[in-house]
Amino acid sequence: MKKQYFRIGIISVSTIALIAILYFTLFKGQIFAQPQIGANKPPIEMNPTIKALNDAYQNAANAVIESVVNIRVKLKQNQKGGTFRVFPFDENDPFFKDWQDFFKHFQDEDESELSAAGSGVFITSDGYIVTNNHVVENADEIRIMTFDKKEYKAKIIGTDKLTDLAVIKVDGDGFKPVHFANSDEIKIGEIVIAVGNPLGLSSTVTSGIVSALGRGGLNLIRPEDGSRGNPAIENFIQTDAPINPGNSGGGLFNLNGSLVGINTAIATRTGTYIGYGFAIPSNLVKRVASEIIKKGKFERAYLGVYIKSVDQVLAKALGMKDVKGAIVNQIEKGSPAEKAGIQISDVILEVDGKKIESSNDLQLEIAKRAPGEVVELTILRGKEQIKKKVKLEARDSFVAEKTDSEDIEEPKPGEPTNIEKLGLVVTPLDDKIKSEFDVKNGVYLKNVTKRSLINERGLLPNGVIVKVDGQDINSVKELKKIIDSKKPG
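If you count the sequence shown from 1, position 56 lands on 55 in numbering that gives the first Met the number 0, and the numbers rise without skipping.
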């Protein structure tokens, strides 16, 4: 009888244990599991093409970021430095002052004045760095910080104000230099990344595309000792890659990780990026930097012509189908151009087969060449295209355009002169025009730009200008002198 009860007890305990095991097996997740945070997988699998592009951005950024440095400049007493070039405002503009005030937050407490800040790019493994002239000009002390946070003291090797480029150097070796792309091969729409140190933020990468090529006439580079006869070389790559103060001297790269330009300025009305940034093309950077490293300065080639871009009015007056080229207004005596037989009113269309769209293009093509090189110019003279070979010579101050009416020679009868301020094309009087209009002095009004102020006032071409503000006009030179003396408004 006792045996029977014992067996029943064992069976009862075993049953209860089995039920407990089954219960915990089936419901233990509900008792012990934590709630799942987030989904198990991404909602979309990245398209292989998009993934390849994403990888290209990452690879390019990682490949070049070590080559870009932060530059900090302590200025000489009572001197101003340029953290950035902002178009269309200059350093006295209130928007520019806002950024100077902003950068004061980054200066040391014991500094009595604002230091300049910018970026630079290693171009050799032994410490040569290219940057903008306006970043390091007036420097009393220059320090750079690399991507790995190491600091070095730098010295200026040489500068060139007319290209806004400078080369500095730090002691050391094993730095990662950039690879230079051929900027002549850059296309509008090409993807680029800008690397620099904007607003005190180190090693920043932004991206965009090449928006335009050959941008000039922005007056972003204004050397203190320059003149209208010695203009800065402005032939920028325009990009929409975000560029801000502190990016000056940083690199613009393609997705191969090759340098296509040195960032120098933005066009803005707010002091910050609004979609328009400008970079100096890599071919010019390489040419200037190499020369500075070798000689301590950039020895520029000299053609010896004063030029203007051909606009629609001039093209029509010259009977040109296309609005392109640079027209020669004057030739310096004894210059390479004079020796080669270049003439006033020649329109330069090509340099060694490279098309010249504007005066900026001609400036850049000559600047990329060394003194002693021979270039072949394709020229429109009247209705005929001719070619002239010119041996370039050295000159300390490159002269590519002259607008000062005091220095411009009087053109010959029939030679058009563009008065841009008023939208006029005029020529000196010849005997036929004097007889037709029964005048002894004046200039012949050959054309008027549509929608110009003069056009809106009803002045039409095919007439003679004999007086301006009561003053007799005897020549084109006199007319330009009077017009140039007038202030806007």
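In this text, a Cβ means the ideal position worked out from N, Cα and C, and glycines have one as well.
Start-to-end residues for the alpha helix (DSSP H) that takes in residue i
i, result
"E290", "281-294"
"E435", "430-436"
"I49", "47-63"
"N132", "132-135"
"V312", "311-317"
First and last residue of the uninterrupted beta strand (DSSP E) at residue i
i, result
"F252", "250-253"
"K411", "Per DSSP, K411 belongs to no beta strand (DSSP E) and is neither H nor E."
"P427", "423-427"
"A116", "115-121"
"K445", "442-447"
"F235", "235-238"
"Q329", "325-330"
"G213", "203-214"
"I187", "Segment: none, I187 is in no beta strand (DSSP E) and carries neither H nor E."
Residue i, buried or exposed, once every other Cβ within 10 Å from all chains shown has been counted against 16
i, result
"E184", "exposed"
"G157", "buried"
"Q362", "buried"
"D360", "buried"
"S358", "buried"
"I472", "buried"
"P415", "buried"
"L459", "exposed"
"S434", "exposed"
"A59", "buried"
"V327", "buried"
"G422", "buried"
"N46", "exposed"
"K476", "buried"
"D170", "exposed"
"G195", "buried"
"D345", "buried"
Sequence-distant residues of the same chain with beta carbon closer than 8 angstroms to residue i, five excluded per side
i, result
"L428", "P412, V438, N440, G441, V442, Y443, V463"
"I306", "A325, I326, V327, N328, I347, S358, L361, A399, E400"
For residue j and residue i, believed in contact at Cβ under 8 angstroms, the rounded distance
i, j, result
"N246", "A193", "6 angstroms"
"V120", "G250", "5 angstroms"
"P176", "S124", "6 angstroms"
"T263", "F252", "Between F252 and T263 the Cβ distance is about 15 angstroms, and since that is not below 8 angstroms, they are no contact."
"P280", "I236", "6 angstroms"
"A116", "L74", "The Cβ separation is near 11 angstroms, so there is no contact."
"E337", "I343", "Wrong, their Cβ atoms sit about 11 angstroms apart, outside the cutoff."
"S182", "V259", "6 angstroms"
"D310", "N417", "7 angstroms"
6 angstroms CB neighbourhood of residue i in its chain, flanking five on each side removed
i, result
"F146", "I64, E65, S202"
"I432", "Y443"
"I385", "I378"
Collapsed DSSP secondary structure at residue i in the structure displayed
i, result
"E383", "strand"
"A393", "strand"
"E140", "strand"
"S182", "helix"
"L490", "In the structure displayed, the chain extends from 0 to 488; residue 490 sits before or after that span and is not available."
"A369", "coil"
"A153", "strand"
"D147", "coil"
"K338", "helix"
"K480", "helix"
"L302", "coil"
"L161", "coil"
"N473", "coil"
"N359", "helix"
"E375", "strand"
"S308", "strand"
"E364", "helix"
"S66", "helix"
"S257", "strand"
"E349", "strand"
"G276", "strand"
"K388", "strand"
Sequence-distant residues of its chain with Cβ nearer than 7 angstroms to residue i (five each side left out)
i, result
"A369", "A300"
"A316", "P415, V424, K445, N446"
"K387", "A339, G340, I341, L376, I378"
"K466", "I472"
beta-carbon residue i near the ligand COA non-hydrogen atom, thresh 7 angstroms
i, result
"I291", "No copy of the ligand COA occurs in the structure displayed, which carries no ligand at all."
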